[in-house]
Amino acid sequence: MEKTEKTRYSDSELQEFKELIQGKLKSSREEFLSLTSSLSSPNSHGTEDTSGAYKTLEDGSATLEKEQINQLAARQKKFIDNLEAALVRIENKTYGICRETGKLIQKERLMAVPHATLSMEAKLKQG
843 MEKTEKTRYS DSELQEFKEL IQGKLKSSRE EFLSLTSSLS SPNSHGTEDT SGAYKTLEDG
903 SATLEKEQIN QLAARQKKFI DNLEAALVRI ENKTYGICRE TGKLIQKERL MAVPHATLSM
963 EAKLKQG
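Following the working numbering, the numbering of the sequence shown begins with 843 at its first residue and continues without gaps.
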């Protein structure tokens, strides 16, 4: 009997991925909220009573820190969007199928990068 290659993950495997993704989404959303709330709290370092000599240095440092937090928040938001898109693919039963080759993405890769849409084979061709 010829072994046919799997074309999609089983419903139980999809459920396993769904739980993994929902867990990652929960922690990612919490981190995103933490980042955005730290952006909206003014002067969290309590430098309002320091002398003027340090004020300019602090302002520059605070600006840089805000930019870094903004970048982290944007990256986190993109990660959340990618995870949400992966949940949609699970519902459509297209999750884990490489968008380039049409083959199944290795389970180990999906466990590490649950929002992956490319197999390693396709990803390496991009490089």
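For each residue, glycine too, the CB sits at the ideal point set by N, CA and C.
Since the model is a prediction, treat every value here as computed from it, not as a measurement.
Integer-rounded CB distance, given that residue j should sit under 8 Å from residue i
{"i": "I922", "j": "F859", "result": "The Cβ separation is near 16 Å, so there is no contact."}
{"i": "S879", "j": "L925", "result": "Incorrect: roughly 21 Å between the Cβ atoms, too far for contact."}
{"i": "A958", "j": "L966", "result": "In fact, because the Cβ distance is near 13 Å, the residues do not count as touching under 8 Å."}
{"i": "K908", "j": "L881", "result": "6 Å"}
Start and end residues, alpha helix (DSSP H) containing residue i
{"i": "L877", "result": "853-882"}
{"i": "K949", "result": "949-954"}
DSSP state of residue i mapped onto helix, strand, coil
{"i": "L960", "result": "coil"}
{"i": "I911", "result": "helix"}
{"i": "S903", "result": "helix"}
{"i": "T889", "result": "In this prediction, T889 has a pLDDT of 49, which is less than 50 and means its spatial position is unreliable; what the coordinates show is noted afterwards. Three-state result, T889: coil."}
Classification of residue i by the beta-carbon crowding that lies within 10 angstroms, buried from 16 upward
{"i": "A927", "result": "exposed"}
{"i": "S883", "result": "exposed"}
{"i": "S961", "result": "buried"}
Item to check | Touch test, the segment 944-954 against the segment 912-919, Cβ-Cβ under 8 Å, three pairs minimum | outcome: no
Next on the checklist: Quick check: the segment 847-867 against the segment 927-943, are at least 3 beta-carbon pairs closer than 8 Å?
Outcome noted: yes
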